[in-house]
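Taking it in order: structure first as structure tokens, then the write-up.
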Amino acid sequence: MGRVAVGGARPHARGGATRPRRRDRRGPYARRARNRPPTRREVPRALRDRGRRDLLGHRFGRGRTVPIVGSTEELAAITEPGTKRKYLDLVDRESTWRNETPARSLLRVASYRPVERLSDIRAPTLLLAGTDDAIVDSDAVVSAADRLSRGTVVTMPADHFSPFGEDFEPAIGHQLSFLRDALE
Numbered sequence: 001m002g003r004v005a006v007g008g009a010r011p012h013a014r015g016g017a018t019r020p021r022r023r024d025r026r027g028p029y030a031r032r033a034r035n036r037p038p039t040r041r042e043v044p045r046a047l048r049d050r051g052r053r054d055l056l057g058h059r060f061g062r063g064r065t066v067p068i069v070g071s072t073e074e075l076a077a078i079t080e081p082g083t084k085r086k087y088l089d090l091v092d093r094e095s096t097w098r099n100e101t102p103a104r105s106l107l108r109v110a111s112y113r114p115v116e117r118l119s120d121i122r123a124p125t126l127l128l129a130g131t132d133d134a135i136v137d138s139d140a141v142v143s144a145a146d147r148l149s150r151g152t153v154v155t156m157p158a159d160h161f162s163p164f165g166e167d168f169e170p171a172i173g174h175q176l177s178f179l180r181d182a183l184e
């Protein structure tokens, strides 16, 4: 005959005394269906939670990683539409590189605001703004250049990753021209 659980308790797995039910320990997204990706509101918290677990566990060989780039349905550092393919196309097919970063590396990304320190920069500075960039708005880059005492901005028809691929030559041309002018 089975045991009857009273007051939220359940029979112990080995029989005998009953114990109270444990709370679900899968974290804040336990109610979320396993096959459903996190919503935009859930992503920052999910990344932060994974980062904290990595920060604590990496010393014991149980570190967590997060994809650097993923599709819009994935939990990754960069999830803008179309960026996953462009990013991964930059990687040599023979490379042993893996699309992952320690989750703890993302803990400070949400509060990282480089534009707050622009007035501290005194050196000649070149900013390249891509008009097709889905990650960094080109207008924001132009306004950031205005805050630099010796800033130069070049706007080019490029996305965030194309200066490392198909727009490599024009980007390098702008950089070399800037360096020649800065060193004169």
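Heads up: the sequence shown is residues 1 to 184, going by the UniProt record's numbering. Heads up, the beta-carbon is just placed ideally off N, CA and C, and yes, glycines get one too.
Could you say which of the options lies nearest to residue i if we only look at CA atoms?
{"i": "D92", "options": "P81, F164, T101 and A171", "result": "F164"}
{"i": "L126", "options": "V69, T65, L179 and A110", "result": "L179"}
{"i": "V142", "options": "T96, A134 and G151", "result": "G151"}
{"i": "P102", "options": "S71, R113 and A77", "result": "A77"}
{"i": "R113", "options": "R64, T83 and A140", "result": "A140"}
{"i": "K84", "options": "S177, I172 and I135", "result": "I135"}
Provide the residue span of the alpha helix (DSSP H) that contains residue i, from first to last.
{"i": "G165", "result": "No alpha helix (DSSP H) holds G165; DSSP gives it neither H nor E."}
{"i": "L88", "result": "T83 to D89"}
{"i": "V142", "result": "S138 to D146"}
What number of angstroms, rounded off, separates the C-alpha of residue i from the C-alpha of residue j?
{"i": "D137", "j": "P81", "result": "14 Å"}
{"i": "S105", "j": "P170", "result": "32 Å"}
{"i": "F168", "j": "S162", "result": "7 Å"}
{"i": "A33", "j": "L183", "result": "Unreliable positioning characterises A33 in this predicted model, as indicated by a pLDDT of 49, which lies under 50. A coordinate reading is not provided."}
{"i": "E166", "j": "V66", "result": "27 Å"}
{"i": "L75", "j": "D181", "result": "43 Å"}
{"i": "D159", "j": "H174", "result": "16 Å"}
{"i": "R98", "j": "L107", "result": "20 Å"}
{"i": "G70", "j": "T96", "result": "18 Å"}
{"i": "A110", "j": "R64", "result": "18 Å"}
{"i": "T79", "j": "L176", "result": "32 Å"}
{"i": "V73", "j": "I172", "result": "It should be noted that the sequence gives Glu, not Val, for residue 73. Their backbone Cα atoms lie some 34 Å apart in a straight line."}
Can you tell me the Cβ-Cβ gap for residue i and residue j, rounded? I've got them flagged as a contact below 8 Å.
{"i": "T68", "j": "E94", "result": "Sequence inspection shows Ile at residue 68; the Thr mentioned does not correspond to that position. Wrong, their Cβ atoms sit about 19 Å apart, outside the cutoff."}
In terms of residues, what are the limits of the beta strand (DSSP E) holding residue i?
{"i": "G70", "result": "Note, G70: premise wrong, no beta strand (DSSP E); not H, not E."}
{"i": "L106", "result": "Where L106 is concerned, there is no enclosing beta strand (DSSP E), given that its DSSP letter is neither H nor E."}
{"i": "L127", "result": "T125 to G130"}
{"i": "T155", "result": "G151 to M156"}
When the cut-off is 8 Å and only beta carbons count, does residue i lie next to chain B?
{"i": "F178", "result": "Looking at the structure shown, chain B is missing, and only one protein chain is on hand."}
| request: Could you tell me whether the stretch 149-156 touches the stretch 119-131, using the rule of 3 or more Cβ pairs below 8 Å? | output: Counting Cβ pairs under 8 Å, three or more are found: they touch.
| said: Quick check: the stretch 82-91 against the stretch 117-127, are at least 3 beta-carbon pairs closer than 8 Å? | reply: With fewer than three CB-CB distances shorter than 8 Å, the stretch 117-127 does not count as touching the stretch 82-91.
| message | With a threshold of 8 Å, are at least 3 pairs of Cβ atoms found where one atom belongs to the stretch 142-152 and the other to the stretch 102-120? | response | They touch, by the three-pair rule.
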